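What follows is a single structure, written as structure tokens, with notes after it.
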Amino acid sequence: MATNLLIVESPAKAKTLKKYLGKDFEVLASYGHVRDLVPKTGAVDPENNFAMQYETIARNAKHVDAIAKAAAEADNILLAPDPDREGEAIAWHIAELLKGKRALKGKNMKRVVFYEITQSAVQEAVAHPREISLPLVNAQQARRALDYLVGFNLSPLLWRKIRPGLSAGRVQSPALRLIVERELEIEKFRSQEYWTVHLDSQKHSIPFTAKLFQYQGKKLEQLSIGSQAEYDAIQAKLNDAKLPPKVVRVEKRGKQRHAAAPFTTSTLQQEAVRKLGMTSERTMRTAQSLYEGVDIGGQTIGLISYMRTDSVSLAKEAVEEIRGYIRDNFSADYLPSTQPAYKSKTKNAQESHEAIRPTSILRTPDSIRAHLTADQARLYEMIWKRTLACQMAPARYDTVSADIRLGGDDTLFRASGQTLVFPGFIGVYMEDVDDAEEEEGGKLPPLAEGDVLPLDKLYGEQHFTQPPPRFSEASLVKSLEEYGIGRPSTYATIISTLQAREYATLEKKRFMPTDVGRVVNKFLTEHFTRYVDYGFTANLEDELDEVSEGKRDWIPVLDEFWQGFNKLIADKKDVDRPGTEILEETCPKCGKPLSKRLGKRGSFIGCTGYPECDYTRSLGGEEDAGEARKELGTHPETNQVVLLLRGPYGYYVQLGEVIEGEKTKPKRVSWPKELPLEQADLGTALKLLSLPRELGAHPETGKKVIVNIGRFGPYIGHDGKFKSIPRSDSIFDIGLDRAVELLAQAKAGNAVLRTLGEHPDDKAPVEICSGRYGPYARHGKVNATLPKDVSPDDITLEQALELIAAKAAKGGTGKAKAAKKPAAKTATKTTTSKKTATTKAKTATKVAAKPAAKKPAAKKTTKSKA
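The following block contains the structure:
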């Protein structure tokens with residue numbers, strides 16, 4: 001009978017620890033939090049020192065009972081949830097529940113923390129337990145109380161003033177403000193034209209390019225040449241220069257580039273988004289599995305240290321092992337004489353924690369790849385390489401800058417280049433960035449002062465300033481950290497909540513606010529300005545950090561917040577409903593003013609006379625629900641008008657008018673989504689109205705085969721059975737033979753179109769199949785629908801694995817939401833158009849720009865004169 005009971009959060013960690021601790025220990029999992037606030041008003045009582053009413057989480061009640069039963073039989077109880085505030089709170093809640101069940105009488109209960117799940121680390125932690133840290137518990141309770149008070153008081157106000165089902169969060173709302181303000185900045189942006197002037201020359205048959213940076217004694221700024229006319233004037237004068245280009249200055253210098261610090265929670269999420277295309281949520285879930293333990297061939301071991309940290313420090317033993325690995329596997333130049341040191345840029349960083357690192361650098365990615373899932377392997381390799389690189393020597397470059405005179409001494413072009421002399425850490429790992437600066441240039445020929453050069457080409461490039469980019473998941477995480485909004489462990493939750501509430505959508509890997517998000521943000525910034533202010537949110541986080549450090553009592557922090565917030569809630573009960581804007585336009589039906597309003601499907605224009613008048617139209621100008629009409633022509637046989645109309649479910653064509661009093665409705669056919677509306681003409685409409693089209697008799701049954709368009713798109717019908725027509729086939733051109741072939745596939749089950757290869761987890765096949773709703777990727781019981789822009793013939797195994805992983809993460813099988821096509825990145829360019837799931841290190845210059853102001857990028861065209 002085990003005399004020691006150790007309680008952790010997850011069953012995966014419990015399984016790993018049981019192997020380390022042996023038969024004298026029983027290891028049970030709480031399966032996360034065991035208690036939470038009662039989900040009703042009054043669960044936090046501001047009038048009674050913010051007393052909090054907790055209840056056992058229903059889904060974990062059986063696990064709590066199992067823990068209580070085991071505790072009654074154990075002599076020693078060790079509480080070992082994760083080593084952070086949430087973990088400390090879970091330990092406290094378990095202790096409170098056990099006290100309530102009177103299971104602790106005569107027992108010895110302590111807290112232990114594991115910063116890594118390895119044999120030595122676990123034994124060390126168990127040998128040195130401590131008491132539960134009440135400051136950490138109080139900091140977590142204060143956060144939970146604040147979130148509850150905001151949610152249960154502000155959300156009902158949003159329901160009354162905007163629409164039911166909305167929510168406002170303490171850190172979620174400032175994050176939404178970041179996204180909306182960036183979008184408003186983009187909308188206000190006005191592009192400006194500017195030109196740059198370039199000179200192509202060569203020496204020893206090595207070509208190079210120089211850029212005009214000083215003209216007639218004046219240094220040129222980005223917008224100095226603001227039009228083609230100005231460029232043409234400069235070009236004409238330069239073409240008249242009597243003297244050829246001459247080198248008047250050459251500067252050579254050495255430059256070093258140092259490795260990035262080892263990963264924190266924030267930088268891990270940012271880099272996983274950029275390099276691996278993984279969301280913050282998926283990154284943290286994968287990192288958790290690496291931390292808790294993986295079976296690597298008969299041995300279950302934690303592969304990385306704890307992944308919730310804002311420290312960049314490494315343990316002395318880890319550094320010694322890393323330096324030893326570099327010494328044994330690289331030449332002497334790669335090992336710096338002194339250990340590189342890094343300092344956290346995060347306020348209140350918990351320097352007692354370590355950065356995220358492999359539990360042993362000797363456990364190389366290649367040596368354990370076969371035992372990991374695809375996500376685990378990619379994330380572990382990135383962590384391993386970054387950790388190794390952070391202890392390596394800096395990269396060294398030779399840079400050259402040459403000024404070239406053309407015409408007079410006051411008109412200068414500059415050519416810059418650099419040569420990588422020693423790769424250093426770049427040989428292992430290169431940090432990625434969202435919006436990287438361009439490299440300084442390629443290699444230049446050996447130029448010397450006084451060199452007279454040929455003028456091969458003199459030309460200009462037209463550019464237009466670009467608005468600041470929308471936030472990607474990586475840049476949003478970076479901005480949240482810079483502003484001090486939330487903490488790294490909450491970033492994934494913030495982002496997923498914004499999307500789940502439909503306040504923002506992720507399009508082409510960039511966040512765009514929805515109409516609902518804009519209205520909610522406008523309401524909060526106008527009426528609750530202080531509580532969505534970046535500085536206020538960050539200061540509150542600082543106060544909570546002081547609570548966790550024992551420097552401040554949590555009750556006064558809550559009280560100070562509540563007094564002002566509660567008064568504001570009361571003051572704002574009678575504010576006007578937002579999202580309604582009266583327009584200087586009258587309703588075509590009743591003559592009353594029109595207004596811009598927020599509905600379930602976004603913003604629209606409607607009559608202020610509602611419900612007496614039901615006129616509505618979209619912001620684009622089309623009237624809703626059949627009100628908009630476009631006459632395409634007249635049917636050649638019936639002489640009835642053929643109309644293109646827009647209804648609540650999209651566009652459709654209609655034969656004839658609706659006649660009041662007639663029970664028979666005109667024939668209507670949905671406009672296929674794959675057909676652009678620009679192609680809406682009489683010929684196409686007549687083809688649609690001719691449906692259903694009879695193809696002939698089935699050769700086996702003799703029954704007719706038809707094609708038609710239904711609720712789910714084009715389909716084949718035969719003998720009460722239906723088969724969707726693939727996107728590669730046209731409903732207008734498909735013949736009987738092809739229809740019979742598709743029906744046979746449907747009868748035999750969903751046909752396998754391609755087998756892409758084996759899944760890295762279980763070696764089961766990954767297949768592309770044809771289903772009722774179109775092609776999909778299949779692995780076991782997980783089916784993930786292919787996005788519309790991904791062809792079954794072109795999809796790769798890596799892309800299919802991405803879709804399958806995303807579907808599996810959501811749970812269930814069957815039809816998956818159309819995911820975005822995985823993005824691809826080359827190894828050397830800083831700007832890419834598409835990305836693959838597999839990423840490579842690239843030599844890009846780190847950008848440390850603040851989110852509010854970025855230097856405009858530029859699009860360019862080229863105009864040249866020889």
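Under UniProt numbering, the residues of the sequence shown are numbered 1 to 866, in order. Backbone N, C-alpha and C define an ideal beta-carbon position, used for all residues, glycine too. Since we're looking at a predicted model, the values are computed, not measured.
When L743, A139, L689, Y342 are compared against T354, the one with the closest alpha-carbon: The residue asked about is misnamed: residue 354 is Glu in this sequence, not Thr. Minimum Cα distance to E354 is reached at Y342.
In terms of alpha-carbon separation, which member of L444, K687, Y503, R738 lies closest to H698? That would be R738, whose Cα lies nearest to the Cα of H698.
So K246 packs on V452, CB below 8 Å; how close in whole Å? Rounded, the Cβ-Cβ distance is 5 Å, consistent with contact.
Quick one: what's got a C-beta closer than 7 Å to N708's C-beta in the same chain, skipping five residues either side? L691, P692, Y715, G717, listed in sequence order.
Contact belief for L498 with Y491 at Cβ below 8 Å, rounded distance in angstroms: That belief does not hold up - the Cβ atoms of L498 and Y491 are roughly 11 Å apart, past 8 Å.
Would you give the residue range spanned by the beta strand (DSSP E) that W195 belongs to? Unbroken beta strand (DSSP E) run through W195: 193-203.
Per DSSP, what kind of secondary structure is T16 in: helix, strand or coil? When secondary structure is reduced to three states using DSSP, T16 falls in the helix class.
Cα-Cα separation between L212 and L412, rounded to whole angstroms: Approximately 6 Å between the Cα atoms of the pair.
Tell me the residue span of the alpha helix (DSSP H) that contains D403. It is not in any alpha helix (DSSP H) - D403 instead sits in the beta strand (DSSP E) that spans 395-406.
What separation, rounded to the nearest whole angstrom, lies between the Cα atoms of T830 and E431? Low confidence applies to T830: its pLDDT is 33, below 50, so where it sits in the model is not reliable enough to give any reading.
Terminal residues of the alpha helix (DSSP H) in which residue 948 lies: Because residue 948 is not part of the residues shown, which for the chain are 1 to 866, the question remains open.
Between K665 and G656, what straight-line distance do the alpha-carbon atoms span, to the nearest angstrom? When rounded, the distance between both Cα atoms is 9 Å.
Rounded to a whole number of angstroms, what is the C-alpha to C-alpha distance between N639 and G633? Separation of N639 and G633 (C-alpha to C-alpha, rounded to the nearest whole angstrom) is 9 Å.
Alpha carbon to alpha carbon, how far is R396 from G424? If I take the Cα positions, the gap works out to 7 Å.
At 4 residues or longer, what runs of the alpha helix (DSSP H) sit wholly inside the stretch 686-772? Runs of the alpha helix (DSSP H) lying entirely within the stretch 686-772, each at least 4 residues long, are 736-748 in chain order.
On the DSSP letters alone, give me the boundaries of the beta strand (DSSP E) that residue 873 sits inside. Residue 873 lies beyond the stretch modelled for the chain, which goes from 1 to 866, so this question has no answer here.
N76 bridges to which residues according to DSSP? Paired residue(s): N4, N108.
Taking all protein chains shown into account, do 16 or more other C-beta atoms lie within 10 angstroms of the C-beta of L158, making it buried, or fewer, making it exposed? So L158 ends up on the buried side.
Who are the Cβ neighbours of L223 in its own chain at under 7 Å, not counting the five residues just before and after it? Cβ neighbours of L223 beyond the five flanking positions: Q192, Y194.
Of the choices L136, D574, R405, P83, whose alpha-carbon is the least far from that of Y306? It is P83.
Between which two residues does the alpha helix (DSSP H) containing E281 stretch? 280-292 is the span of the alpha helix (DSSP H), which, as asked, contains E281.
If I measure Cβ to Cβ from M284 and keep anything under 6 Å in the same chain, skipping five residues before and after, which residues do I get? Contacts found: A492.
Distance check for V180 and R470, CA to CA, integer angstroms please. Going from the Cα of R470 to the Cα of V180 covers about 10 Å.
CB-CB under 7 Å to residue 901, same chain, minus the five flanking residues each way: which ones, in chain order? For the chain, the structure presents residues 1 to 866; residue 901 sits outside this window and is missing.
Span of the alpha helix (DSSP H) around M382: Counting along the chain, the alpha helix (DSSP H) containing M382 begins and ends at 374-389.
I'd like to know if the stretch 532-547 and the stretch 166-184 are in contact, where contact means that at least 3 CB-CB pairs between them fall below 8 Å. With three or more CB-CB distances shorter than 8 Å, the stretch 532-547 counts as touching the stretch 166-184.
Could you tell me the distance, in whole angstroms, from the CA atom of N76 to the CA atom of G151? So the alpha carbons of these two residues sit roughly 40 Å apart.
Buried versus exposed call for I495 [16 or more other C-beta atoms within 10 Å across all chains shown]: Result: buried.
Taking DSSP as the reference, what is the three-state secondary structure of P775? In the three-state DSSP reduction, P775 falls in the strand class (E or B).
Please report the straight-line C-alpha distance between R143 and G87, rounded to a whole angstrom. Using only the alpha carbons, I get a separation of about 14 Å.
With contact counted as at least three CB pairs below 8 Å, one residue from each stretch, are the stretch 768-781 and the stretch 790-803 in contact? The answer is yes - the stretch 790-803 touches the stretch 768-781, with three or more Cβ pairs under 8 Å.
Assigned secondary structure, T497 (DSSP; H/G/I helix, E/B strand, else coil): Three-state result, T497: helix.
Skipping 5 residues on each side, what residues in its chain have a beta carbon closer than 8 Å to that of L220? Taking L220 as the centre and dropping the five residues before and after it, the same chain places the C-beta of L212, F213, Q214 closer than 8 Å to its C-beta, in chain order.
How far does the alpha helix (DSSP H) with I179 in it reach, from first residue to last? In this chain, the alpha helix (DSSP H) harbouring I179 covers 172-188.
Would you call N539 buried or exposed, if buried means 16 or more other Cβ atoms sit within 10 Å of its Cβ? The residue is exposed, with fewer than 16 neighbouring Cβ atoms inside 10 Å.
So, using beta-carbon positions, are H371 and V477 closer together than 8 Å? Result no, Cβ atoms of H371 and V477 do not sit closer than 8 Å.
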